[in-house]
Structures are given as structure tokens and as C-alpha cells.
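Residue numbers (the numbering used here): 1 to 628.
A virtual CB, placed ideally from N, CA and C, is assigned to each residue, including glycine.
The structure presented is a predicted model; accordingly, all values stated were derived computationally and were not measured.
A short write-up of the structure that comes next.
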């Protein structure tokens, strides 16, 4: 194919989430001769797809990063090449004739978007024609073409960070922008600027990621616990007079499992798997097996396993810690309890139950009660895996993958923790606080696996999971956070930005109010009387369109917030806002004479009241900052 005759070159992503879980669609694309995406309604993506001409050359790719910390280089793994044969112009898909006998390869170029046009001659020659890249083509931060989709600069964000500041500083909006920046590997400011006046679009984008299973939200509060966040146990309805308990996963454990499975799959690369299926760890696989047994038991059934000799053994009970109670259906009709750890030992040593030639002698060496029932459980587990995971990735290959291939290779996941300082952080995270550190995560220099208290499952955190917290410093200072948490998080201050506020009316208008000056002066007084943590954010005033809006915000938000700041000290509030907003008078309230309280006479006490907001004129608001 002549270089000049090709109407365009495109790099195409392969990850989709049709059912809320990310799948690698490479094999499906190659087998059925098409390419599509799942960003329906995303105008820029649909526009680029409609613009793909027939005859264009396309490459299926996955993106990752190679190199040591501080020396990251954007990479792509090319998983297929083909030619567009038909474009229905629906913005969602194209028909493709894929090249036969293609062999995947990797290049030090960066294409992270769902669809990117390849314009650089050296890149398209390397991707589509097998030409070597010029020397130094994979430098860490090469200069990118202006506006090009080929920017190779790798954006490395902290894995754990907290946005902190006074109320109303836009932490919620910033959190959404940060989430997109983390998920897409972009600079925060780039995302914030892009969606500065498109908040609804930003929220819709984050919700799209949430539906794909890549974003979860949780709010900490005083009653939020480890059991809510990681895992807990709950009682199950009594069967046959016996109460049982089931392990219930928390939001952190669920998202961690999803992130780790996807990370593991993309580390290995699965061009022949469709849809993507990932081999779980023993604990994840065994938990799924136990849950299937538990549901049958709750329905009054007796799930039946079989020993190597073919004798039946019925499952009677599934404990929260993974212990099974079985009845050996033989002449003795005896009940036995087999714990998780005994099966773990067999799982670690044998790939198949059939590989255990001499059950009694081989399993007796591993220890534990009733080896024939151990074999029956292991066989049942392996049969369960075969039925539910027809395509299995090579975990050993994943673990042997170079350390340099880090989180960016896999789709990222973000857990947003709102009001992180309102909960008892030490209790909520528990022992897992250690696993948040970069070097303690999967494939880190000091990778750790901890055993969870209820399920007894091994637990580790992958490098493609980000934690993003927010905290209101007016509720509690940063110093009040647990020290162990503080040193594992990066802190990003979000302070008031009065310069973002537009004035009401023109300076010559009677109802003119300079909102920027108004907020700036109020905050200067608050910082003088209290501290910088107790200021007012600009977000409350962003949507103020007229004097009516301003009065409403002052009445419903600003004055109540000042009451909280000053603990009802109206004199201080008056010093901030002035006499138009807080009026004082001396009154004895007509108390009955002849009685004093313990502190002396109650006569001539100063009392305060707030005038009706309709009495607050534009001049009253201007006086706040003009008398500064």
C-alpha cells in the first residue's frame, strides 16, 4: 500500500464497559471485522469516528508507561492493524478488514484517547509500515505538536490526595475535574479549563465513568466504619434453627478487586480473549465459590460435592470466615468442618484436582482434617472456576511483568471520599492504611498482602487505583487528621478565588455590587478575627445574577455560616458585615424587678437581630467593602 494513497491513520482504543465492567474487545473486533466505542453522546469522539474515511488505516492499541519513577515514557502496544471498509456515519463504529497474520508489538509513542489521528510521519511509519523510530523518539517529554493527539508527555499524579479548604471553594467541582484528569492521564488545569463553563458536561462525563465502574463515591461520617468501607459480616436468615453470617464487601474492597483484575489483565495482554476474563486470586475465586454455595444453602438446598472415590459430601453451612461444614454421606453420616486455609494450601500446590494422585498421602503432608473432603472441595472449586472463567489469563506472567509497566497501562479507577475528615479515619482504613503507599502496592518495591479479618482473604492494592478525598478545613483543621493518613496523602489546597466573580451591574448602576471586592474584604476580616481556614468560598456567589440572588445567598448561606464560625457571637458577625446586616439594641426585656441572676443584673443587655433581607440594599453590600 502506497503511503500517499492512504486517506488517514488512526490509533483506536479497545477497552469498553458494556455491563459496567471493563472488557478488552480486541478479539471481538478482530473476529467480526469492525471497531466501535461505548462513549455514546460524547460529541468529540463521535465526530472523529464519523470523520474516518473509507480506506483509512487503523491500529488497535493499549497505552501504558515504561521506565523508572521520574523517567516515565508513554508507550503503546499495537494489537492489530486494518483498513476501514465502511463507515455508516453514526459516530459509533466502522467496518474494518483486519490484516491477517499480525504480530503485536510495542512502541515508545503515546496515544491515550479512545480515537487519535496519527499525524507524525515517523510515528505512522513505525506503527503501520514497520519502520524504526528515529533515535531518541521515546524521550521522556518530547515536544508535541500544538493541539496534536500525539502528546507524549506522561502526567504522573499522586495515587492518594486530599483537596482541602474552606466551604464553598469549589472542592466538589474540582474533585470532578481531578477525577477526569486521573482517569485520562491529563493535567488537572487542562481539564478544569476545558469544563470551566460546562459543569453539566463534566458531571455527565464523570457519571459515564461511574456507570463503567471506574468511579465510586462515598461520604465519611461519624458512624461510617471499617465494615462499611472494607468488609463486614451480616446475619443471614436462620435455616433449620441455625443462624449463619455472610461476609459483605465494602466499597473500597469492591473497587480494589475491579482495578486489580483489569490491571493484571492489561499487564499480561490478552489478544485472544473475548470478552476479557481474568484469573482471580485464590481468595477472590474461593469467595465466589463460597457465595454460590451459600445461596444454595439459604434456599434450603444441600450442594453436593464428591470425593476422589466418588462418594457424595453435602455442604450444610458456609461460615463468614470461609469454613465449610459438610456431611460425608457414607455409612457414618458424620459432619466435618474444613477451613479456608487448608484449601489455600492445595490451591497453591496443584493446578488440578486430578494432579493429586495419592490423596491421603499427598494431602496429609499439607495438614488439615479429612483429606478426602479437602479434595472434594478443591475439585468443586476448580469445576466452579472452569464454568465461570472459560478464558484465564496467566497470573504468573503478570507477576513476572517488568516493574516499569505501571498503572497507566491499565484503565484507572478513582474512589472519591467526600468529607474524609468527618470519619474516624484510623478505624475506617484499619490495617489497610499501609497498602495505600506506592511501594506497598501490587508490583511495588515492597509489595504487601494483608489478610482481611472476616473473610481471611489476602488483600492488596493495585497501582491503577486512586483515592481522592475532600475535607472542609472549617470543620476540623488538617492537623487533626491521623498522622499515618497525612503522610500517605498529598494535600492540595483549594482557597477562595474572588477574581472569578463578575460584578452585579455597571459601576454607575444603583444596584451595582462588586462581588469580588465583597468576598475579598469579608475574608480578610475573617482571617484577622479567626484564621485562613475560616473563610468563605467563591462558589456560593458564582451564580448570583441580581440583588435578589445576593440577598438569598446571604440569608440562607453566608450568615448561617458566620453564626457557626463565631458560635453565635453576633458582635463579631457585625464587625464583619456591618450595621445594615446585624443591628444591636439595649434592652432589659421588661424583666420582673427584684431578681438578679448569678452573674449580676440582667438590665441593659445588648441583643441583636437581623433585619429582613428586603431591607438590604445594594449600598448596604457596597458598604461592606467600601468601609474597609
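Identity of the residue in the options nearest residue i by Cα
i: residue 34; options: 80, 348 and 40; result: 80
i: residue 75; options: 108, 60 and 47; result: 108
i: residue 372; options: 346, 516, 101 and 386; result: 346
i: residue 447; options: 128, 461 and 457; result: 461
i: residue 629; options: 298, 309, 304 and 93; result: What the structure shows of the chain is the stretch from 1 to 628, and residue 629 is not part of that stretch, so it cannot be assessed.
i: residue 336; options: 431, 328 and 207; result: 328
i: residue 104; options: 195, 488 and 26; result: 26
i: residue 508; options: 606, 618 and 185; result: 618
i: residue 248; options: 291, 212 and 215; result: 291
i: residue 124; options: 78, 15 and 566; result: 78
i: residue 317; options: 310, 309 and 338; result: 338
i: residue 474; options: 608, 565, 98 and 82; result: 565
i: residue 199; options: 580, 623 and 539; result: 539
i: residue 585; options: 577, 607, 433 and 168; result: 607
i: residue 457; options: 212, 321, 47 and 216; result: 321
i: residue 293; options: 305, 177 and 282; result: 305
i: residue 521; options: 512, 537 and 511; result: 537
i: residue 44; options: 201, 489 and 627; result: 201
i: residue 419; options: 455, 171, 433 and 355; result: 171
i: residue 217; options: 257, 176 and 491; result: 176
Straight-line Cα distance separating residue j from residue i
i: residue 174; j: residue 486; result: 20 Å
i: residue 557; j: residue 614; result: 16 Å
i: residue 625; j: residue 261; result: 56 Å
i: residue 374; j: residue 251; result: 32 Å
i: residue 307; j: residue 378; result: 10 Å
i: residue 276; j: residue 264; result: Summary for residue 276: the model assigns pLDDT 35, below 50, so the residue's position carries little reliability, and this model does not support an answer.
i: residue 411; j: residue 188; result: 18 Å
i: residue 416; j: residue 162; result: 10 Å
i: residue 39; j: residue 49; result: 11 Å
i: residue 179; j: residue 206; result: 7 Å
i: residue 479; j: residue 453; result: Residue confidence is low: residue 479 scores 47 on pLDDT, short of 50, so the model does not pin down where it sits. Its coordinate-derived value is still stated next. Their backbone Cα atoms lie some 30 Å apart in a straight line.
i: residue 518; j: residue 543; result: 15 Å
i: residue 37; j: residue 219; result: 32 Å
i: residue 341; j: residue 287; result: 13 Å
i: residue 459; j: residue 204; result: 32 Å
i: residue 470; j: residue 164; result: 6 Å
i: residue 190; j: residue 324; result: 54 Å
i: residue 620; j: residue 505; result: 15 Å
i: residue 185; j: residue 384; result: 38 Å
i: residue 289; j: residue 440; result: 28 Å
i: residue 215; j: residue 183; result: 9 Å
i: residue 168; j: residue 253; result: 31 Å
i: residue 160; j: residue 413; result: 12 Å
i: residue 528; j: residue 510; result: 31 Å
i: residue 53; j: residue 63; result: 24 Å
i: residue 570; j: residue 210; result: 44 Å
i: residue 312; j: residue 352; result: 19 Å
Buried/exposed call for residue i, threshold 16 Cβ in 10 Å
i: residue 515; result: buried
i: residue 616; result: buried
i: residue 255; result: buried
i: residue 230; result: buried
i: residue 15; result: buried
i: residue 5; result: exposed
i: residue 55; result: exposed
i: residue 468; result: buried
i: residue 535; result: buried
i: residue 464; result: buried
i: residue 605; result: exposed
i: residue 451; result: exposed
Per DSSP, cross-strand counterpart(s) of residue i
i: residue 418; result: 219
i: residue 82; result: 58 and 98
i: residue 107; result: 76
i: residue 225; result: DSSP lists no partner for residue 225.
i: residue 160; result: 467
i: residue 318; result: 324
i: residue 313; result: 305 and 328
i: residue 606; result: 586
i: residue 35; result: 94
i: residue 24; result: 15
i: residue 234; result: 246
Residue i Cβ short of 7 Å to the ligand HEM heavy atom set
i: residue 467; result: The ligand HEM is not part of the structure shown, which contains no ligands of any sort.
Cβ of residue i within 8 Å of any chain B Cβ
i: residue 413; result: The structure shown contains no chain B; it is built from a single protein chain.
task: Check whether the region 426 to 436 touches the region 222 to 230, taking contact to mean three or more Cβ pairs, one atom from each stretch, closer than 8 Å.
output: Touching, yes.
Three or more C-beta pairs below 8 Å linking the region 122 to 135 and the region 494 to 502: Touching, no.
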